[in-house]
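All remarks here apply to the structure that follows.
Chains as they are written, first to last, in the working numbering: chain A, 1 to 202; chain B, 1001 to 1407.
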């Protein structure tokens, strides 16, 4: 399964990356730029981690918000430390790269093509685009909480993508996390004013 | 064309050194060199950031197509215009900052067009152009602008917000070394009008002063010039005018004299403690306040020099005032604090209408999706905060309902 930044963040914050990897055959795949192996390199997940760190620094000391932010930063650091095979960064090949560029292009012709796929937003961001291009080309499941990304994946990969909720349900089905714990964790991500996941109910 | 090679050529066409491009893209210069030489594959999001910084897009950069690139977004070579207006001393880091500004302007125009929002076009000042540098004319101009904007005669409160109501104001890192970096610049963009950029790598007081300075350019020099890059200490008449204007705009002479008269019986104006109180009252730097006291002849030169021997930040802390991190050399700021409020409104509207995705919004603002989540959030009020709000509401209603207020 290939995760985009939104689902990777959710699974990392809940601390269930190893469980999800076991559930889907041993590896969670992520596109470069969404996660980087080198801490000097920019990536969406490191950007999210830095924003949460800033939140931890600026929240009222001892508040629930600060504690949640600190915990999220710790969990993301643990996620970054997992490495392959549990978390593997996949490089796109030239065809996948070309597809990713089409998905994120400003060009009017490419936008028309994306509209034919069913997208209503003007374009996808580069991280989402390269994730979809790799997942669709290699027949991987794709996990995202971005509706437009899921539409694009379905059109190109000819199957539905999964959301955070569905990924957690897979872990529960495999018996690696109790259902009540999983439901609480998901609801926490959905409703909490730091995590603000929203999305469909369980 | 190979992506590595394309990025190198794109950077060179944009006239940026590796140092400038790396600083503007927020990556390490060595890493950029690795990307350009193919020693390391460049992740697509980073390649996209770099391409946009170079004023183009990935598909265009890959075919070396500059003509197409010019059609992307605003279609105005903003950084080229700014380079040409800049002194040769402008350093690489500052050049990178100009390029970031160009990129954000392009994003602003594109978003406004996407949402069908009309763009105002080139800004028109209601005031005649000023060509001289006389301090008295500058003070008159500042008073005119205050009247025009209904700002009254007291402190401005937050000069960034005041300016934000009338111009597009951006706070971008242009460099700490003001020998080679501008304190700010003004640009009258053909589609979005008055835009000013404040160098965020300066103390907060200096940033506030620069807001006033750039407002002078916008309202009193824009009839003759579309772009003005402000280098500290530049011996140019309009720069001296803008400095004097900023002093009067932020610290009006009448209000300063009134405050000094009020304070004098308690604590003489030669006392640095008084200067700190006055500085906080006006929301300016200690240095600006000292200069204004001297200009208004409320202190003599010897006192002016003597007041300079005190650490204003430590004195302020001792008096219980908070000291802004920027005044202690920490110039980091919240990523969304860099943008004009109108840009954030556009992004938010576009997200709510589904015209852009959260990832696209993050890419547009050069931030992470975490900030975008918070931009869209309607956080529920917590119990303690709610109690405070209820107390304040009750006090406000009681005041309105009181017989004195009713009469």
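Glycine included, each C-beta is placed from N, C-alpha and C at the ideal position.
All values derive from a computational prediction rather than experimental measurement.
- Within chain A, 42 have C-beta atoms less than 7 Å from the C-beta of residue 1027 of chain B, given in sequence order.
- Residues 1276, 1323 of the same chain have their beta carbon placed closer than 6 Å to that of residue 1316 of chain B, with the five preceding and five following residues left out of the count.
- Taking CB atoms only, residue 1365 of chain B has no neighbour in chain A less than 8 Å away.
- Residue 121 of chain A sits away from residue 1372 of chain B, with the two beta carbons spaced by 8 Å or more.
- Against chain A, a Cβ distance below 8 Å from residue 1046 of chain B picks out 33, 41, 42.
- Its Cα nearest to that of residue 1109 of chain B, the residue B/1119 stands out among B/1100, B/1119, B/1101.
- For residue 1213 of chain B, the uninterrupted alpha helix (DSSP H) segment begins and ends at 1204 to 1216.
- Secondary structure of residue 1086 of chain B (DSSP, three-state): coil.
- Burial state of residue 1199 of chain B is buried, judged by a 10 Å Cβ sphere holding 16 or more other Cβ atoms.
- In this structure, B/1312 is the residue among B/1178, B/1367, B/1187, B/1312 with its C-alpha nearest to the C-alpha of residue 1272 of chain B.
- Contact annotation: the region 1168 to 1179 of chain B does not touch the region 1001 to 1018 of chain B, with fewer than three C-beta pairs closer than 8 Å.
- Here residue 63 of chain A is exposed: its Cβ has fewer than 16 other Cβ atoms, across all protein chains shown, within 10 Å.
- DSSP places residue 1171 of chain B in the uninterrupted beta strand (DSSP E) bounded by 1168 to 1172.
- Rounded to the nearest whole angstrom, the CA to CA distance from residue 1137 of chain B to residue 1241 of chain B is 8 Å.
- Comparing alpha-carbon positions, the option among A/178, A/148, A/29 lying closest to residue 83 of chain A turns out to be A/29.
- Proximity of residue 1057 of chain B to chain A, defined by a Cβ-Cβ separation below 8 Å, is satisfied.
- No Cβ of chain B is located within less than 8 Å of the beta carbon of residue 99 of chain A.
- As the crow flies, the alpha-carbon of residue 1216 of chain B is around 28 Å from that of residue 1117 of chain B.
- In the DSSP assignment, residue 1189 of chain B forms a beta bridge with B/1193.
- Contact of residue 1358 of chain B with chain A by beta-carbon distance below 7 Å involves 146.
- DSSP, read as helix, strand or coil, puts residue 1159 of chain B in helix.
- Per DSSP, residue 30 of chain A is one residue of the beta strand (DSSP E) stretching across 28 to 30.
- Note that the C-beta distance between residue 1296 of chain B and residue 1351 of chain B is not below 8 Å.
- Of all alpha-carbon atoms in B/1378, B/1358, B/1376, B/1379, the one lying nearest the alpha-carbon of residue 126 of chain A is that of B/1358.
- The beta carbons of residue 1059 of chain B and residue 101 of chain A sit closer together than 8 Å.
- Taking a 10 Å sphere around the C-beta of residue 150 of chain A, we find 16 or more other C-beta atoms and assign the residue as buried.
- With a cut-off of 8 Å on Cβ pairs, the region 142 to 160 of chain A is in contact with the region 1 to 9 of chain A, counting three or more such pairs.
- Assigned with DSSP and collapsed to three states, residue 34 of chain A falls in coil, not helix or strand.
- Secondary structure note for residue 1230 of chain B: its beta strand (DSSP E) is the uninterrupted segment 1227 to 1230.
- Annotation: residue 1246 of chain B to residue 1188 of chain B spans about 19 Å, alpha carbon to alpha carbon.
- The three-state secondary structure of residue 1199 of chain B, taken from DSSP, is strand.
- Interface annotation, residue 1113 of chain B: not in contact with chain A, CB-CB separation never under 8 Å.
- Spatial neighbours of residue 1307 of chain B in its own chain (CB-CB distance under 7 Å, excluding positions within 5 residues in sequence) are listed in chain order as 1272, 1275, 1290.
- Closest in C-alpha terms to residue 1093 of chain B, from the list B/1262, B/1253, B/1197, B/1177, comes B/1177.
- Annotation for residue 87 of chain A: the continuous beta strand (DSSP E) segment containing it runs 87 to 89.
- Of the candidates B/1088, B/1043, B/1115, B/1082, B/1082 places its Cα closest to the Cα of residue 1100 of chain B.
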